[in-house]
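A.B. asks: One structure follows; several queries about it will come next.
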Ligand SMILES: [Fe+2]
Ligand SMILES: [Fe+2]
């Protein structure tokens, strides 16, 4: 087992039976990311390239639904700082994925790019599990947010984006935040 995957069963990364739909869905995906980054570290050649492509595709859908639906719902309730930090971290992941998607996998920096994407992404998703989601859960418990309703919206937008990729090979228009726009969000 790699270095990230064992975290899936620990602390706030674990999926609790009473977690609302939004947290169950997003934590499940965080689990998949930790496992895939571990697999990418162990793999080489075409297998590693295929894992990297899958990671970037899944990450891009995950970041899009967080930025379109979750973050805007959380910002007015738990404050913009945590949400904006997430947007900036996403932007850095998107930039690395854009580079990785241009590579075949035998370039000298390919493995390092995946490694750094893994370190940055796992830092980001760990923070979401530990801080952002716990704050959201407290707001949900206080009746200020409905993380089940948000979860249903996340799920249907996620399905729509996967369908688009299956049909066309890429996502159509998305409404996620652009890092340059954060000041104006
Ligand atoms: Fe995120
Ligand atoms: Fe996330």
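In my numbering, the protein residues as written are 3 to 187. Glycine included, each C-beta is placed from N, C-alpha and C at the ideal position.
Within its chain, find whatever has a CB closer than 8 Å to the CB of residue 24; leave out the 5 residues flanking it on each side and keep chain order.
C.D. replies: As a working note, residue 24 is residue 22 in the chain shown. Answer for residue 24: 72, 138, 149, 150, 152, 153, 156, listed in chain order.
A.B. asks: Under a three-way DSSP split, which group does residue 180 fall into?
C.D. replies: Residue mapping note: residue 180 aligns to position 178 of the chain shown, counting from 1. It is coil, neither helix nor strand.
A.B. asks: Mind checking residue 114: buried by the 16 CB within 10 Å criterion, or exposed?
C.D. replies: Numbered from 1 along the chain shown, position 112 holds the residue referred to as residue 114. That one is exposed.
A.B. asks: If you reduce the DSSP assignment to three classes, tell me which class residue 20 lands in.
C.D. replies: Taking the first residue of the chain shown as position 1, residue 20 is located at position 18. Looking at residue 20 - three-state DSSP - the assignment turns out to be coil, as it is neither helix nor strand.
A.B. asks: Alpha carbon to alpha carbon, how far is residue 30 from residue 10?
C.D. replies: If you number the chain shown from 1, residue 30 lands on position 28. If you number the chain shown from 1, residue 10 lands on position 8. Roughly 9 Å separates the two Cα atoms.
A.B. asks: Considering only heavy atoms of ligand 1, does any lie closer than 7 Å to the CB of residue 88?
C.D. replies: Mapped onto the chain shown, residue 88 falls at position 86. Residue 88: yes, Cβ under 7 Å from ligand 1.
A.B. asks: With H, G and I counted as helix, E and B as strand and the rest as coil, what does DSSP make of residue 78?
C.D. replies: Numbered from 1 along the chain shown, position 76 holds the residue referred to as residue 78. It is helical.
A.B. asks: What's the C-alpha gap between residue 186 and residue 81?
C.D. replies: Taking the chain shown and counting its residues from 1, the one referred to as residue 186 is at position 184. Taking the chain shown and counting its residues from 1, the one referred to as residue 81 is at position 79. Per-residue confidence for residue 186 stands at a pLDDT of 46, beneath the threshold of 50, marking its modelled position as unreliable; the derived number appears in the next sentence. Their Cα atoms are separated by approximately 15 Å.
A.B. asks: Taking all protein chains shown into account, do 16 or more other C-beta atoms lie within 10 angstroms of the C-beta of residue 68, making it buried, or fewer, making it exposed?
C.D. replies: Walking along the chain shown from the start, residue 68 turns up at place 66. Buried is the call here.
A.B. asks: Would the beta-carbon of residue 53 fall within 8 Å of that of residue 179?
C.D. replies: Within the chain shown, the letter at position 51 stands for residue 53. Within the chain shown, the letter at position 177 stands for residue 179. For residue 53 and residue 179, no; Cβs fall outside 8 Å.
A.B. asks: For residue 145, does the three-state DSSP call read helix, strand or coil?
C.D. replies: In the chain shown, the residue the question calls residue 145 occupies position 143. Residue 145 falls in the coil class under three-state DSSP.
A.B. asks: Could you work out which residue in 63, 133, 66 is closest to residue 84 when comparing CA atoms only?
C.D. replies: Position 82 of the chain shown, counting from 1, holds the residue named residue 84. Comparing Cα-Cα distances from residue 84 to each of 63, 133, 66, the minimum goes to 133.
A.B. asks: For residue 50, is the classification buried or exposed, using 16 other Cβ atoms within 10 angstroms of its Cβ as the cut-off for buried?
C.D. replies: On the chain shown, residue 50 is found 48 positions in, with the first residue counted as 1. Residue 50 is buried by the Cβ-count criterion.
A.B. asks: If you count every other CB in all the chains shown that lies within 10 Å of the CB of residue 66, and 16 or more means buried, which is it?
C.D. replies: The sequence position of residue 66 within the chain shown is 64, counting from 1. It is buried - the Cβ of residue 66 has at least 16 other Cβ atoms within 10 Å.
A.B. asks: Classify residue 227: buried if its beta carbon has 16 or more other beta carbons within 10 angstroms, exposed otherwise.
C.D. replies: Residue 227 is absent from the structure shown; the chain starts at 3 and stops at 187.
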